[in-house]
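First to last, the protein sequences are chains A and B. The opening residue of the first sequence carries number 2 in the working numbering; numbering runs sequentially from there. The opening residue of the second sequence carries number 9 in the working numbering; numbering runs sequentially from there. A short write-up of the structure that comes next.
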Amino acid sequence: MAKEFTIEDLRVLADLAGLNLSDDDLQRLLPGVKRAQQQVAVLRAIIAPGDEPAGVFMASDGDRK
Amino acid sequence: MSTVVKSNDLCYLTIAEASAGLRRKDYSPVDLTEACLERIEALDGKLHSFITITAERARAQARQAEQEFASGKGRGPLHGIPIALKDLYMTKGIRTTCHSAVLEKWVPDYDATAVLKLEEAGTILLGKLGMHEFAFGGPSVDAPFPAVRNPWNLAHIPGGSSSGSGAALAAGFCYGALGSDTGGSIRTPSAHCGIVGLKPTYGRVSRYGVVPLSWSLDHAGPMARSVEDCALLLQAIAGYDAKDAASANVPVPDFQAELREGIKSLRVGVPRAGWFNENLGVHAATETVFNQALEVLKNLGALIVELDGKPFSIARKANQTILVAEAYAYHEKTYQETPMKFGSTVRRRMLEGAFLSAADYLTAQRARSVLNEQIRANFARVDVFAVPTAPRPPDTFEGMDPNEQNLRPSFTNPFNLTGLPAISVPCGFTPDNLPVGLQIAAPPFEESTALRVAYSYEQATPWHERRPAL
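Printed below as a string of structure tokens:
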């Protein structure tokens with residue numbers, strides 16, 4: 002199970018993503034990021050190994066334009 | 009009496025009524041256009057529904073329509089009808105800002121497909137409408153353009169993100185508008201402003217030339233003051249478009265054909281259990297009005313079937329995960345290079361997408377497959393779903409709590425996730441005289457069914473006849 006994000010985690014990830022975020026920015030972001038992680042945990046619980054993502058690549062897509 | 013008050017009668021016609029009047033020569037496209045422009049000039053200072061007003065272009069289009077009428081070259085029911093566009097529809101030669109400093113001066117060099125189709129249908133473009141910045145977050149209080157106000161009470165939000173479209177229609181500034189809907193952005197402002205808004209099936213209306221928020225959840229669609237008008241607008245903009253990778257190559261029916269067929273024996277599913285009471289639940293005033301609306305549907309011959317709401321409740325989590333991930337991916341470069349150009353609300357909320365992993369995103373897309381199947385399985389038992397459009401009446405700007413929306417059920421998100429067509433129709437008012445919307449969702453590509461239910465309800469009730477005092 003993934004651990005909950007901390008401000009330090011966000012700082013590292015933000016740097017890696019090329020984002021220049023202040024401490025205030027990170028503080029404001031943290032609750033939303035935690036909520037997003039909790040949402041994904043709920044979703045993880047309803048999928049089975051055979052469930053594929055919605056939206057399947059179609060080899061013929063390139064012909065559309 | 010001022011001319012603005014006199015123009016009320018003209019400005020509050022439905023598209024169907026205005027079109028009939030044009031054919032009878034009761035007035036001309038120029039008359040309709042001037043009435044709208046005069047009303048916008050007089051009253052939009054309070055509402056801020058328009059970002060850009062294209063008055064001279066509108067007048068030129070109106071004169072052209074007048075000439076075409078005079079020479080018998082009618083183009084159909086939208087010919088000569090003044091409309092407006094949410095400011096994320098690309099318009100060739102006209103600024104398209106997305107209500108953001110990021111695109112404050114951007115002038116596209118091509119039109120969105122839906123814009124072209126409306127132009128071909130002979131509509132007159134009055135201008136571009138305010139919205140939530142990049143169709144996300146909430147009212148844009150620190151954007152270069154003021155936040156749109158609710159015509160029913162200026163202290164209240166109009167709902168979003170197609171806030172200008174909802175407010176302009178409720179205020180009688182235009183006859184029809186286009187909005188876009190990724191999590192409820194057509195239906196919520198329609199409910200909060202007391203008008204009608206339809207999110208069509210995913211793939212029914214081209215997204216080409218609509219600035220994306222989330223590719224797999226974005227829907228383009230019509231907003232108007234009546235259900236019939238939404239059908240007329242949808243007719244003009246629906247259809248396959250090879251330029252949109254998600255466009256569905258399916259037949260486009262006559263969306264007006266079924267409107268008057270009634271809803272006797274129609275099975276209306278209400279997914280109440282496990283959804284309506286989520287966290288803070290539905291606001292009492294909203295639930296009272298919604299239950300009264302169900303009674304009306306019953307009296308019209310519909311059968312109400314209670315359903316398990318759990319998959320609908322979980323759908324919001326998948327919708328939000330996909331939305332922030334895709335939205336951040338689209339805007340990533342701007343976040344890296346000029347993040348302060350975003351307003352504070354959108355900057356913070358969209359950034360959540362930067363901290364989701366690829367596995368998180370794909371988990372949400374896998375859950376989408378599961379929830380889609382579970383939600384659609386209900387169509388073996390019912391013909392449509394009915395829920396409130398919004399879980400609570402529109403908040404005040406002052407008392408707005410962006411976190412509260414996560415503490416109440418989202419009645420709109422599940423139909424973005426599943427791509428089902430869903431319409432919001434006015435269904436009453438709170439004790440504070442704020443509008444409430446009834447939402448009807450139908451199986452894929454059955455917009456006609458949703459329109460029929462909404463039309464039957466609309467015609468049996470007086471709510472669509474009320475106007476805000478401006």
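Backbone N, C-alpha and C fix where the C-beta goes; we use that ideal spot for every residue, glycine too.
Option in B:Cys-201, B:Pro-116 and B:Thr-190 with minimal Cα separation from Thr-438 of chain B: Translated into the one-based positions of the second sequence, residue 438 of chain B becomes position 430. Minimum Cα distance to Thr-438 of chain B is reached at B:Cys-201.
Do you know how far the Cα of Ser-198 of chain B is from the Cα of Asn-299 of chain B? Here residue 299 of chain B corresponds to residue number 291 of the second sequence, with the count starting at 1. Here residue 198 of chain B corresponds to residue number 190 of the second sequence, with the count starting at 1. As the crow flies, the alpha-carbon of Asn-299 of chain B is around 19 Å from that of Ser-198 of chain B.
For a minimum of 3 consecutive residues, which ranges assigned as the beta strand (DSSP E) are wholly contained in the stretch 215-292 of chain B? 227-232 and 275-281
Does the beta-carbon of Gln-447 of chain B have 16 or more other beta-carbons within 10 angstroms, so that it is buried, or is it exposed? Within the second sequence, numbered from 1, the residue matching residue 447 of chain B stands at position 439. Classification for Gln-447 of chain B: buried.
Proximity to Ala-283 of chain B [Cα-Cα], best of B:Ala-265, B:Ala-398, B:Leu-186 and B:Cys-19: Position 275 of the second sequence, counting from 1, holds the residue named residue 283 of chain B. As written in the sequence, residue 283 of chain B is Trp, which differs from the Ala given in the question. Comparing Cα-Cα distances from Trp-283 of chain B to each of B:Ala-265, B:Ala-398, B:Leu-186 and B:Cys-19, the minimum goes to B:Ala-398.
Buried or exposed, going by whether 16 or more other CB atoms sit within 10 Å of the CB of Asp-25 of chain A? Walking along the first sequence from the start, residue 25 of chain A turns up at place 24. Counting of Cβ neighbours within 10 angstroms places Asp-25 of chain A among the exposed residues, the total staying below 16.
Measuring only the C-alpha atoms, how far is Leu-311 of chain B from Ser-273 of chain B? In the second sequence, residue 311 of chain B corresponds to position 303, counting from 1. In the second sequence, residue 273 of chain B corresponds to position 265, counting from 1. Cα-Cα distance, rounded: 6 Å.
State the Cα-Cα distance for the pair Thr-105 of chain B and Ser-170 of chain B, rounded to the nearest angstrom. For this step, residue 105 of chain B is matched to residue 97 along the second sequence. For this step, residue 170 of chain B is matched to residue 162 along the second sequence. Computed Cα separation, rounded: 13 Å.
Specify the secondary structure class of Ser-352 of chain B as computed by DSSP and reduced to three states. Translated into positions along the second sequence, residue 352 of chain B becomes position 344. Looking at Ser-352 of chain B - three-state DSSP - the assignment turns out to be helix.
Counting only beta-carbon atoms, is Asp-25 of chain A nearer than 8 Å to chain B? The residue given as residue 25 of chain A occupies position 24 in the first sequence. Closer than 8 Å: no.
For a contact defined as C-beta to C-beta under 9 Å, what are the partners of Arg-356 of chain B on chain A? The residue given as residue 356 of chain B occupies position 348 in the second sequence. Per Cβ cutoff of 9 Å: Asp-26, Arg-29, Leu-30 and Gly-33.
Run through chain A and tell me which residues come within less than 7 Å of Ser-377 of chain B, C-beta to C-beta. Reading the second sequence from its first residue, position 369 is the one you call residue 377 of chain B. Per Cβ cutoff of 7 Å: Asp-52, Glu-53, Pro-54 and Ala-55.
Nearest-angstrom Cα separation, counted from Leu-308 of chain B out to Gly-191 of chain B: Residue 191 of chain B sits at position 183 when you count from the first residue of the second sequence. Residue 308 of chain B sits at position 300 when you count from the first residue of the second sequence. Their Cα atoms are separated by approximately 30 Å.
At least three beta-carbon pairs within less than 8 Å, the stretch 117-131 of chain B to the stretch 82-101 of chain B: The stretch 117-131 of chain B, when compared against the stretch 82-101 of chain B, does touch it at the 8 Å Cβ threshold.
Entirely within the stretch 35-120 of chain B and at least 3 residues each: give me those beta strand (DSSP E) ranges in chain order. 58-61 and 90-94
Against Lys-325 of chain B, what residues of chain A qualify as contacts under a CB-to-CB distance less than 7 Å, listed in chain order? As a working mapping, residue 325 of chain B is identified with position 317 in the second sequence. Gln-40, Val-43 and Leu-44, listed in chain order.
Suppose only complete runs of 3+ residues qualify. What are the beta strand (DSSP E) ranges in the stretch 371-431 of chain B, listed by chain order? 392-396
So, for Arg-425 of chain B: in the same chain, excluding its five sequence neighbours on each side, which residues have a beta-carbon less than 6 Å away from its beta-carbon? Here residue 425 of chain B corresponds to residue number 417 of the second sequence, with the count starting at 1. First, the residue type needs correcting, since residue 425 of chain B is Leu and not Arg in the sequence shown. Taking C-beta separations shorter than 6 Å and ignoring five residues to either side along the sequence, the partners of Leu-425 of chain B in its chain run Ala-323, Ala-326, Asn-327 and Arg-376, following chain order.
Go ahead and pull the three-state DSSP assignment for Ser-321 of chain B. By 1-based counting over the second sequence, the position of residue 321 of chain B is 313. Note: Ser-321 of chain B maps to helix in three-state DSSP.
Counting only the same chain and skipping the five closest in sequence on each side, list residues whose C-beta sits under 6 Å from that of Leu-18 of chain B. Locating residue 18 of chain B in the second sequence gives position 10, counting from the first residue. Contacts found: Ala-43.
Round the Cβ separation of Met-194 of chain B and Met-231 of chain B to the nearest angstrom and send it over; I've been treating them as touching at under 8 Å. Taking the second sequence and counting its residues from 1, one reaches residue 194 of chain B at position 186. Taking the second sequence and counting its residues from 1, one reaches residue 231 of chain B at position 223. Looking at the sequence provided, one finds Ile at residue 194 of chain B rather than Met. Confirmed, about 6 Å.
Could you tell me the alpha carbon to alpha carbon distance between Asn-386 of chain B and Leu-315 of chain B, rounded to whole angstroms? For the purposes of this step, residue 386 of chain B is identified with residue 378 of the second sequence, where counting begins at 1. For the purposes of this step, residue 315 of chain B is identified with residue 307 of the second sequence, where counting begins at 1. Cα to Cα, Asn-386 of chain B sits roughly 8 Å from Leu-315 of chain B.
Neighbourhood of Tyr-336 of chain B by C-beta, 6 Å cutoff - its chain only, sequence neighbours within 5 removed: Within the second sequence, the letter at position 328 stands for residue 336 of chain B. If we look at Tyr-336 of chain B and ignore the five residues flanking it on each side, its Cβ neighbours are Met-358, Gly-361 and Ala-362.
Neighbour list for Tyr-343 of chain B in chain A, Cβ cutoff strictly below 7 Å: Walking along the second sequence from the start, residue 343 of chain B turns up at place 335. The contacting residues are Leu-20.
In the DSSP assignment, find the unbroken beta strand (DSSP E) run with Leu-206 of chain B in it and report its ends. In the second sequence, the residue the question calls residue 206 of chain B occupies position 198. 204-207 is the span of the beta strand (DSSP E), which, as asked, contains Leu-206 of chain B.
For Asp-39 of chain B, go through chain A and note every residue whose CB falls closer than 7 Å to its CB, in chain order. Start at 1 with the first residue of the second sequence, and residue 39 of chain B comes out as number 31. Result: empty, since nearest Cβ-Cβ is about 42 Å, beyond 7 Å.
What is the DSSP secondary structure of Pro-443 of chain B, counted as helix, strand or coil? As a first step, residue 443 of chain B must be located in the second sequence, where it is residue number 435. It is a strand residue.
By the 8 Å beta-carbon criterion, what residues does the stretch 140-174 of chain B contribute toward chain A? none
Of the residues that make up the stretch 370-399 of chain B, which ones have a beta carbon closer than 7 Å to any beta carbon in chain A? Answer in chain order: Leu-370, Thr-371, Ala-372, Gln-373, Arg-374, Ala-375, Arg-376, Ser-377, Val-378 and Asn-380.
State the start and end residues of the unbroken alpha helix (DSSP H) segment that holds Ser-148 of chain B. Working through the second sequence from its first residue, we reach residue 148 of chain B at position 140. Annotation for Ser-148 of chain B: no alpha helix (DSSP H) segment contains it, and DSSP assigns it neither H nor E.
Give the DSSP-derived three-state secondary structure of Ile-47 of chain A in the structure shown. Working through the first sequence from its first residue, we reach residue 47 of chain A at position 46. It is helical.
Does Asn-158 of chain B come out as helix, strand or coil in the three-state DSSP assignment? Position 150 of the second sequence holds residue 158 of chain B. Looking at Asn-158 of chain B - three-state DSSP - the assignment turns out to be strand.
Closest Cα partner of Glu-141 of chain B within the set B:Leu-134, B:Val-110 and B:Arg-400: Here the question's residue 141 of chain B lines up with position 133 in the second sequence. The shortest CA-to-CA distance from Glu-141 of chain B to any of B:Leu-134, B:Val-110 and B:Arg-400 is the one to B:Val-110.
Go ahead and pull the three-state DSSP assignment for Pro-197 of chain B. Counting from 1 along the second sequence, the entry for residue 197 of chain B is found at position 189. Correct three-state label for Pro-197 of chain B: helix.
Residue range of the alpha helix (DSSP H) that includes Asp-16 of chain A: Here residue 16 of chain A is taken as the residue at index 15 of the first sequence, counted from 1. Annotation: the continuous alpha helix (DSSP H) that includes Asp-16 of chain A extends over 8-17.
Who are the neighbours of Phe-405 of chain B on chain A, taking C-beta pairs under 7 Å? For the purposes of this step, residue 405 of chain B is taken as the residue at position 397 of the second sequence. Chain A residues near Phe-405 of chain B: none, gap ~20 Å exceeds 7 Å.
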